[in-house]
Amino acid sequence: MKEHILNILKQADGYVSGEDMSRRLNISRSAVWKHISRLRDEGYNISSVTNKGYRLNESDIISESEIKSYLNTLFIGKKIIYTEETDSTNNDAKRNSALPEGTVFTSEIQTGGKGRRGKVWTSPKGVGAWFSILLKPDITPEIVSRITLIAGLAVCRGIGTDSMIKYPNDTVIGTKKVSGILTELSAETDAVNYVICGIGINVNTESFDDELKNRATSLYIETGKKHDRCKIIARVLNEFEKLYIEFLNNGLKNIIQEYKNNCVTLNNNVSVVYNNLTIQGKCVDITDKGTIIINDGHKDIEINSGEVSVRGIYGYV
Ligand code: BTN
Numbered sequence: 077m078k079e080h081i082l083n084i085l086k087q088a089d090g091y092v093s094g095e096d097m098s099r100r101l102n103i104s105r106s107a108v109w110k111h112i113s114r115l116r117d118e119g120y121n122i123s124s125v126t127n128k129g130y131r132l133n134e135s136d137i138i139s140e141s142e143i144k145s146y147l148n149t150l151f152i153g154k155k156i157i158y159t160e161e162t163d164s165t166n167n168d169a170k171r172n173s174a175l176p177e178g179t180v181f182t183s184e185i186q187t188g189g190k191g192r193r194g195k196v197w198t199s200p201k202g203v204g205a206w207f208s209i210l211l212k213p214d215i216t217p218e219i220v221s222r223i224t225l226i227a228g229l230a231v232c233r234g235i236g237t238d239s240m241i242k243y244p245n246d247t248v249i250g251t252k253k254v255s256g257i258l259t260e261l262s263a264e265t266d267a268v269n270y271v272i273c274g275i276g277i278n279v280n281t282e283s284f285d286d287e288l289k290n291r292a293t294s295l296y297i298e299t300g301k302k303h304d305r306c307k308i309i310a311r312v313l314n315e316f317e318k319l320y321i322e323f324l325n326n327g328l329k330n331i332i333q334e335y336k337n338n339c340v341t342l343n344n345n346v347s348v349v350y351n352n353l354t355i356q357g358k359c360v361d362i363t364d365k366g367t368i369i370i371n372d373g374h375k376d377i378e379i380n381s382g383e384v385s386v387r388g389i390y391g392y393v
């Protein structure tokens, strides 16, 4: 119900009376007031004036209600666990792995954000979309890395803005990275217990430190305007669910062409670090097993996304 109240307030041009909302939603005025208090507890700045009602003032916060107000999914994000601060939303998902499939964990700030291959993912307060999706697919562990590819495509679809995928799942705009994904797995020999797909998107970051500024960017830097982080999270979740259902039913075969169309790595010269070896060559294909085919000038080499770091020969992309 509070999502409906939030929507009414967002669409209103000024104040909306408690009476109006109670009539439209068929609830009592005191119920309206209770939901307004909950929204305020979540961080929304809502003014109230006697005889006029309530007005939503500009607020840039991550909130469960607002993400849900943009969702059109069946099970992804039906449950959202929000914390003001966490070490890592992937760790939150791990600690709560008994919750249902599709539960999403998100936070304003991560104090121990984790990147791929043990790197740190810088996750400052109030500017990013840091979230993790808990999944329980009935698949074998070897093919879990394919979920990472569809998450990359979901981010690309969700943020638009000329974004492209750098294999396997970074999202780049031009030559700089705007989003990264860390997929973590708990499995037995032949069965998956759960998969955590952790997505970080630099949304409203105004600048990066010297170490990152040559290879990182944000939607704000690229477009010159601030973006609604809840809307971005919801759009990615909406796209992710469609792709995930398709993947569970048919694998990557109906998805891979769109992935390839949006992949900057394909047909480029790359340097791939794989099993402590560096292979240089041209990326000639990405298969519907989610593997990358590199031609080193002599032969085609097929490599799984799980363990690779792919770099353009002339820079990050
Ligand atoms: C990478 O490109 O190295 C992966 C970055 C993944 C960052 C996200 S932010 C949400 C989730 N929580 C984490 O600690 N990491 C992932």
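The opening position of the sequence shown corresponds to residue 77 in our numbering, with each subsequent residue numbered one higher. Positions of the beta carbon are idealized from the N, C-alpha and C atoms, including for glycine.
- Task: Tell whether a beta-carbon distance below 9 Å holds between threonine 354 and glutamate 378.
- Result: no
- Select from Glu160, Val220 and Thr149 the residue whose C-alpha is nearest the C-alpha of aspartate 266. Val220
- Message: Can you list, in chain order, the residues of its chain with a C-beta nearer than 7 Å to that of threonine 149? Leave out the 5 residues immediately preceding and following it.
- Response: Leu313, Asn314 and Glu317
- Task: Please name the residue in Val348, Lys190, Ile368 and His374 whose C-alpha comes closest to that of arginine 387.
- Result: Val348
- Task: Give a single yes or no on whether lysine 252 has its beta carbon closer than 8 Å to a heavy atom of the ligand BTN.
- Result: no
- Task: Please classify valine 220: does DSSP put it in a helix, a strand, or coil?
- Result: coil
- Specify the secondary structure class of asparagine 167 as computed by DSSP and reduced to three states. helix
- Message: Under DSSP, the alpha helix (DSSP H) around phenylalanine 284 begins and ends at which residues?
- Response: Neither: phenylalanine 284 is in no alpha helix (DSSP H) and is coded neither H nor E.
- Message: Quick check: the Cα distance between methionine 156 and lysine 170, rounded to an integer number of angstroms?
- Response: The sequence given here places isoleucine at residue 156; methionine does not occur at that position. When rounded, the distance between both Cα atoms is 14 Å.
- Cα-Cα separation between lysine 212 and alanine 174, rounded to whole angstroms: 10 Å
- Message: Any contact between the segment 198 to 214 and the segment 236 to 254? By contact I mean 3 or more CB pairs, one from each, below 8 Å.
- Response: no
- Contiguous beta strand (DSSP E) assignments of at least 3 residues, all confined to the segment 146 to 204: 156 to 162 and 180 to 186
- Query: CB-CB under 6 Å to asparagine 380, same chain, minus the five flanking residues each way: which ones, in chain order?
  - Reply: Thr367
- Query: In chain order, what residues of the same chain have a beta carbon less than 7 Å from the beta carbon of glycine 188, not counting five sequence neighbours either side?
  - Reply: Asp163 and Ser164
- Using only the heavy atoms of the ligand PLP, determine whether one of them is closer than 8 Å to the beta carbon of glycine 188. Looking at this structure, you won't find the ligand PLP anywhere; what it does contain is the ligand BTN.
- Item | Local conformation of alanine 310 per DSSP, three classes | helix
- Does DSSP classify aspartate 96 as helix, strand or coil? helix
- Task: Taking only heavy atoms of the ligand BTN into account, decide whether any of them is closer than 8 Å to the Cβ of serine 239.
- Result: no
- Item | Whole-number beta carbon distance between isoleucine 309 and phenylalanine 207, since they are thought to touch under 8 Å | 6 Å
- Message: Can you list, in chain order, the residues of its chain with a C-beta nearer than 8 Å to that of leucine 132? Leave out the 5 residues immediately preceding and following it.
- Response: Leu82, Leu85, Lys86, Ala88, Tyr120, Asn121 and Ile122
- Message: What does the alpha-carbon distance come out to for the pair valine 346 and serine 124?
- Response: 58 Å
- Item | Bounding residues of the beta strand (DSSP E) (the contiguous stretch that carries lysine 242) | 239 to 242
- Message: What I want to know is whether the C-beta of isoleucine 257 ends up closer than 8 Å to one or more non-hydrogen atoms of the ligand BTN.
- Response: yes
- Message: Please state the DSSP three-state secondary structure of valine 108.
- Response: helix
- Return helix, strand or coil for glycine 234, following the three-state DSSP convention. helix
- Closer than 8 Å: is that where the CB of asparagine 166 sits relative to any heavy atom of the ligand BTN? yes
- Message: At a threshold of 8 Å, does isoleucine 249 count as lining the ligand BTN (C-beta to nearest heavy atom)?
- Response: no
- Query: Can you tell me where the beta strand (DSSP E) with isoleucine 362 in it begins and where it stops?
  - Reply: 353 to 362
- Message: Which same chain residues end up closer than 7 Å to serine 294 when comparing Cβ atoms and leaving out the 5 residues on each side of it in sequence?
- Response: Val254, Asn278, Val279, Asn280 and Thr281
- Any idea what DSSP makes of glutamate 134, helix, strand or coil? coil
- Item | Coarse secondary structure for asparagine 325, derived from DSSP in three states | helix
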